[in-house]
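Novice: From first to last, the protein sequence lines stand for chains A and B.
With the first letter of the first sequence counted as 1, position 153 gets the number 153 in the working numbering; the numbers rise by one all the way through.
Quick note, the working numbering runs 261 ahead of the 1-based positions in the second sequence.
Glycine included, every Cβ here is placed at the ideal spot set by N, Cα and C.
Predicted, not measured: the structure shown is a model, and the values here were computed from it.
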Amino acid sequence: MKDFNYHSAKDSKEASKLASSSSAFLAGGMTTIPSMKLGLATYKDLIDIKNIKKLSGIKVSGKSVTIGAATKHVEVSNSKDVKKAIPSLSSLAEGIGDPQVRNRGTIGGSIANNDPSADYPSACIALNATIHTNERKIEAAKFFKGMFETALKKGELIEAIEFQIPEKSSYQKHPNPASRYAIVGVYVAKHKGDVNVAVTGAKSCVYNDKDMSKALTGNFSSSSIDGMDLDSSEMNTDMHASAEFRASLVVTQAKKAVDAC
Amino acid sequence: MGKISLEVNGRKVEKEAPDNTLLSTFLREHLQLTGTHIGCDTSQCGACVVHVDGNSLKSCTALAADVNGSKVTTIEGLETNGKMHPMQEAFKKLHGLQCGFCTPGMVMSAVDLLQKNKKPSDKEIRDWLEGNICRCTGYQNIVAAVKEAATKM
């Protein structure tokens, strides 16, 4: 791994002041460090944000669950408050990677990285999340721009993610047997007025499946999406699954999620 | 370059190291604690698992600078006065290893599991060892060893 300068920021202000075109924020490092080791990414400066106290912790109000960006997956999966308010979010966190990854990896890091197979982006879309940064608030629907791309500007730091508490919800993942990344993951959330069906792993970026959302908003039963023939033309094909298989898996996982709600 | 201060296996250490030094490199090359193994070096195999402030992590995917000031326990820190830790004893007794390369990480993960769950089921043990890969044993004897150790710890 090429050398860089390590900085530990005390607050968001210092972190964003240290940021430049050749820097990256370091949270759990579960993607950043392997990418740097493989030479896929090089930075002059790594700005550690884990020691910024404000960025860790979980707050639950009547309508929402707000999780600090540097909160680890293990903290989300173990939180009694999250389990009570949005059980599907707690079980999503419990299914990420392995225990050592969950002991280090953070929610903010996962979202900022926007891996097309990551779990948390689907939670953001399904639970109408608001991404709080040091500069503004961004709706999840406008945050995830494309493969590994987000609406974040250089030096902009995610501080917290605010999830809307749904009436019912479930996340169902068909994991890669080795990495536990989603080959396809579907997060179904029934809110007062409508239903979101967020899909990860299937395309280059997480998305809300409008056809399934519409069908489920009309009738919240897995029978209303049974046998749905999704367009697989934009779906990923790789050694693990073909686009056609993924299209079929999306419906299967969505049905499972509805039944588990 | 920065100063890394850690408490490793109960001993305070302070060394200068470049900022890009991984915890696994720091342990092996700066402190000569070569019990921590580097297998895949891409945070998948778990041979490099150590404890930092009581939690297991993959030391090949953490910067030494990042865990500055922490308490680190490696496989060398498990024995007491030359007597093996119950988990090590159980791995030995039940043949939870063949080539032994994955064993340090496997043992460190398993010890962390029992710290958090005193009587894990077979499924809980298998789920927990998700991030530790063994290519020799087929895992049966590893799971048996963890269960045995759970009765002794």
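At a CB-CB cut-off below 8 Å, which residues of chain A make contact with PRO279/B?
Specialist: Under a criterion of Cβ atoms nearer than 8 Å, the residues of chain A adjacent to PRO279/B are, in order, ASP3.
Novice: For ALA178/A, count neighbouring Cβ atoms within 10 angstroms of its own Cβ and tell me buried if that reaches 16, exposed if not.
Specialist: exposed
Novice: With a CB to CB cut of under 8 Å and the five nearest residues on each side skipped, what residues in its chain are close to LYS83/A?
Specialist: SER90
Novice: Output the distance between the C-alpha atoms of ASN128/A and ILE58/A, rounded to the nearest integer angstrom.
Specialist: When rounded, the distance between both Cα atoms is 17 Å.
Novice: For GLN401/B and GLY300/B, what's the separation of their Cα atoms in angstroms?
Specialist: If I take the Cα positions, the gap works out to 21 Å.
Novice: May I have the straight-line CA-CA distance separating SER23/A from ILE33/A, to the nearest angstrom?
Specialist: In a straight line, the C-alpha of SER23/A is about 13 Å away from that of ILE33/A.
Novice: Less than 8 Å between the C-beta atoms of ALA70/A and LYS50/A, yes or no?
Specialist: yes
Novice: On the criterion of 16 or more Cβ atoms from any shown chain inside 10 Å, does CYS360/B qualify as buried, or is it exposed?
Specialist: exposed
Novice: What does ASN316/B touch in chain A if you count any residue whose Cβ is under 7 Å from its own?
Specialist: ASN103
Novice: Please state whether the Cβ-Cβ distance between ILE158/A and ILE111/A is less than 8 Å.
Specialist: yes
Novice: Please list, in chain order, the residues of the segment 222–254 of chain A that have any C-beta partner in chain B closer than 9 Å.
Specialist: none
Novice: Straight-line CA distance for ASP231/A to GLY392/B?
Specialist: 35 Å
Novice: Between the Cα of SER117/A and those of GLY109/A, LYS192/A, LYS54/A and VAL199/A, spot the shortest distance and give me the residue it belongs to.
Specialist: VAL199/A
Novice: Chain A beta carbons: is any one of them nearer than 8 Å to that of SER304/B?
Specialist: yes
Novice: Flag VAL310/B as yes if its beta-carbon sits less than 8 Å from any beta-carbon of chain A, otherwise no.
Specialist: yes
Novice: Which whole-angstrom value is the C-beta distance of THR150/A and ASN114/A, which I expect to be below 8 Å?
Specialist: 5 Å
Novice: What residues in the segment 336–361 of chain B have a beta carbon less than 9 Å from any beta carbon of chain A?
Specialist: Against chain A - using a Cβ distance shorter than 9 Å - the segment 336–361 of chain B contributes no residues.
Novice: What would DSSP say about LEU383/B, mapped onto helix, strand or coil?
Specialist: The question names Leu, but residue 383/B is Asp in the sequence shown. Of the three classes helix, strand and coil, the one that applies to ASP383/B here is helix, per DSSP.
Novice: For MET235/A, is the classification buried or exposed, using 16 other Cβ atoms within 10 angstroms of its Cβ as the cut-off for buried?
Specialist: buried
Novice: Comparing C-alpha positions only, which one of GLU340/B, ILE336/B, VAL311/B and LYS408/B sits nearest to ILE386/B?
Specialist: LYS408/B
Novice: What are the partner residues of LEU283/B, as DSSP defines its beta bridges?
Specialist: LEU324/B
Novice: Pick out the complete alpha helix (DSSP H) segments inside the segment 50–123 of chain A, 4 residues or longer, and give them in chain order.
Specialist: Runs of the alpha helix (DSSP H) inside the segment 50–123 of chain A: 73–78, 80–85, 87–94, 99–102 and 107–113.
Novice: From which residue to which residue does the beta strand (DSSP E) around PRO175/A run?
Specialist: It spans 168–175 - the beta strand (DSSP E) in which PRO175/A sits, taken as one unbroken run.
Novice: Is GLY29/A close to chain B? Criterion is C-beta to C-beta, closer than 8 Å.
Specialist: yes
Novice: DSSP three-state label for GLU409/B, please.
Specialist: helix
Novice: Along the chain, where does the beta strand (DSSP E) containing LEU318/B start, and where does it finish?
Specialist: Taken as a continuous stretch (DSSP letters only), the beta strand (DSSP E) holding LEU318/B covers 316–319.
Novice: So, does the CB of ASP98/A fall closer than 8 Å to a CB anywhere in chain B?
Specialist: yes
Novice: Would you give the residue range spanned by the beta strand (DSSP E) that THR130/A belongs to?
Specialist: 130–133
Novice: I want to know whether the segment 343–358 of chain B touches the segment 301–311 of chain B - three or more CB-CB distances under 8 Å.
Specialist: no
Novice: Assuming ARG246/A is part of the alpha helix (DSSP H), what are its boundary residues?
Specialist: 243–260
Novice: Please report the Cβ distance between HIS191/A and PRO166/A, rounded to the nearest whole angstrom; I am assuming they are in contact, meaning their Cβ atoms lie under 8 Å.
Specialist: Your pair HIS191/A and PRO166/A checks out as a contact, with CB atoms roughly 5 Å apart and the cut at 8 Å.
Novice: Out of curiosity, what's the CA-to-CA distance linking GLU135/A and ILE107/A?
Specialist: The alpha-carbon atoms of GLU135/A and ILE107/A are separated by roughly 19 Å.
Novice: At 7 Å on the CB atoms, spell out the chain A contacts of THR322/B, in chain order.
Specialist: Here the neighbours are GLY29, MET30, ILE33 and PRO34.
Novice: Return the residues of the segment 377–393 of chain B that lie within a Cβ-Cβ distance of less than 7 Å from chain A, sorted by chain order.
Specialist: TRP389, GLU391 and GLY392
Novice: State the DSSP-derived secondary structure class of GLU391/B, mapped to helix, strand or coil.
Specialist: helix
Novice: Pick helix, strand or coil for VAL310/B, following the three-state DSSP scheme.
Specialist: strand
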